[in-house]
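Asks:
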């Protein structure tokens, strides 16, 4: 019985780790819920960045999902961001403290922007 409990605990911890780390599509980390994707992280070189509308055949409907920010707090490599029309929501802290981002172009479908989504940014929003 004890061996079964240890085995189940180990499996639970392994599956929880996989959920926390998210799925990868190129330079992007994302999560999926109800067959809709949320972009949760970025590991690319920076510069002008375009968030994908689709990851692994799943529509991206949200960017950012609370802490940590998509590009990490204090990112200095990303200079501009384009958010596609598929996105309807920008989560809290999504672009928090992105001090080198000069402009963010927001697609026409965004209807919700979370708290502190652009906190401490020096950014011009374009829609």
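Residue numbers (this note's numbering): 228 to 354. C-beta atoms are modelled at their ideal positions from N, C-alpha and C, and glycine is treated no differently.
Determine the contact status of residue 334 and residue 320, defining contact as a CB-CB distance below 8 Å.
Replies: Contact flag unset, no.
Asks: Could you compute how far the alpha carbon of residue 272 sits from the alpha carbon of residue 298?
Replies: Cα to Cα, the separation comes out at about 11 Å.
Asks: Straight-line CA distance for residue 274 to residue 253?
Replies: Distance between the alpha carbons of residue 274 and residue 253 is about 16 Å.
Asks: Just to confirm the assignment: which complete beta strand (DSSP E) runs, minimum length 3, are found wholly within the stretch 260-308?
Replies: Counting only runs of 3 or more, we get 263-269, 274-277, 285-290.
Asks: In the structure shown, what three-state DSSP assignment does residue 252 receive?
Replies: DSSP places residue 252 in strand when its eight states are reduced to three.
Asks: In angstroms with no decimal places, state the Cα-to-Cα distance between residue 247 and residue 323.
Replies: Confidence in residue 247 is poor, its pLDDT being 41 and thus under 50, which makes the residue's placement unreliable; the coordinate value appears in the next sentence. If you take the alpha carbons of residue 247 and residue 323, they lie about 20 Å apart.
Asks: Report all residues from its chain with a CB closer than 8 Å to the CB of residue 290; omit the five preceding and five following residues, and keep chain order.
Replies: Result list for residue 290: 265, 266, 278, 297, 310, 314, 316, 317, 318, 321, in chain order.
Asks: May I have the straight-line CA-CA distance separating residue 327 from residue 301, to the nearest angstrom?
Replies: For residue 327 and residue 301, the distance between alpha carbons rounds to 9 Å.
Asks: Taking C-alpha atoms, which residue in 269, 347, 270, 292 lies nearest to residue 260?
Replies: The option with the nearest alpha carbon to residue 260 is 292.
Asks: Entirely within the stretch 323-348 and at least 4 residues each: give me those alpha helix (DSSP H) ranges in chain order.
Replies: Counting only runs of 4 or more, we get nothing.
Asks: Just confirm the distance between the C-beta atoms of residue 307 and residue 330, as a whole number of angstroms; I'd bet it's less than 8 Å.
Replies: That belief holds up - the Cβ atoms of residue 307 and residue 330 are roughly 5 Å apart, short of 8 Å.
Asks: Can you name, in chain order, every residue of its own chain whose Cβ lies under 7 Å from the Cβ of residue 282, other than the five neighbours on each side?
Replies: So the qualifying residues of the chain are 252, 255, 257, 264.
Asks: What does DSSP give as the partner residue(s) for residue 316 in the beta ladder?
Replies: In the DSSP output, where bridge partners are listed per residue, residue 316 has 289, 339.
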